[in-house]
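J.: First, the structure itself, so that you have it in front of you.
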Amino acid sequence: MNRNERLQSYMEKSIQHRKMWEAEWNRLNRMDLSILQTHLLSLLNKQGPLQSKDLVRQMSVTSGGVTMICDKLLSRGLIRRIRSDEQDRRAVYLEITDLGREETKTIDAVWEQVLANSFTTLTDAEIAMLEQIYSKLTANP
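Each residue of the sequence shown is one higher than the one before, starting from 96 at the first, in our numbering.
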């Protein structure tokens, strides 16, 4: 198999594996939140209030996509919009609520199970190698 054939095979397997762990997420998820909604909630929990433009960059989605992702989180009271007093008062930030922080505990537990089920065939050394490879691939987007 030549380089291009190997890369094509990798892409196909990567897509197949992603579909497998997404299916596992959907099977275990009882929170009625999408993967992207949980990712956004996790980012706000870890990093604190962020502007939509920051989420666009970190999540690799459009500004319209961030708005759609936020709608359900806002309506369920998991996040809120706040204005900055220190900087430009027109700047709007998204902030996780206490209810959102509680929900992230459940999200983290579900993701832990999804990852355990999705990567069960790999050794710790193989997972470390996989992480190293993906770090290298994503270092220069």
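Beta carbons: idealized from backbone N, C-alpha and C, even for Gly.
Measuring only the C-alpha atoms, how far is glutamate 197 from leucine 168?
T.: Position 102 of the sequence shown holds residue 197. Position 73 of the sequence shown holds residue 168. Spanning the two alpha carbons is a distance of roughly 13 Å.
J.: Whose C-beta lies closer than 8 Å to the C-beta of valine 161 among residues of the same chain, with five residues either side of it excluded?
T.: Translated into positions along the sequence shown, residue 161 becomes position 66. Here the set comprises Leu135, Ser147, Leu150, Val151 and Met154.
J.: So within the stretch 171–218, which uninterrupted alpha helix (DSSP H) runs reach at least 4 residues, ignoring any that extend past its ends?
T.: The stretch 171–218 contains these whole alpha helix (DSSP H) runs: 193–213.
J.: Could you compute how far the alpha carbon of asparagine 212 sits from the alpha carbon of asparagine 124?
T.: Here residue 212 corresponds to residue number 117 of the sequence shown, with the count starting at 1. Here residue 124 corresponds to residue number 29 of the sequence shown, with the count starting at 1. Each residue's Cα considered, the two are about 14 Å apart.
J.: In the structure shown, what three-state DSSP assignment does leucine 128 receive?
T.: Position 33 of the sequence shown, counted from the first residue, corresponds to residue 128. Three-state DSSP puts leucine 128 in coil, outside helix and strand.
J.: For serine 145, which beta-bridge partners are listed by DSSP?
T.: Counting from 1 along the sequence shown, the entry for residue 145 is found at position 50. A small correction: the amino acid at residue 145 is leucine; serine does not occupy that position in the sequence shown. Paired residues: Leu189.
J.: Measuring CB to CB, does isoleucine 130 end up less than 8 Å from tryptophan 120?
T.: The count along the sequence shown starts at 1 and reaches residue 130 at position 35. The count along the sequence shown starts at 1 and reaches residue 120 at position 25. It is a contact, given that the beta carbons lie within the stated cut-off.
J.: If I'm right that isoleucine 174 touches threonine 192 with Cβ under 8 Å, what's the distance once you round it to whole angstroms?
T.: For this step, residue 174 is matched to residue 79 along the sequence shown. For this step, residue 192 is matched to residue 97 along the sequence shown. Indeed they touch by this definition, with Cβ atoms about 6 Å apart.
J.: Judging by CA-CA distance, which residue of Ser104, Leu225, Lys231 and Glu190 is the nearest neighbour of glutamine 142?
T.: Along the sequence shown, read from residue 1 onward, the residue named residue 142 stands at position 47. The option with the nearest alpha carbon to glutamine 142 is Glu190.
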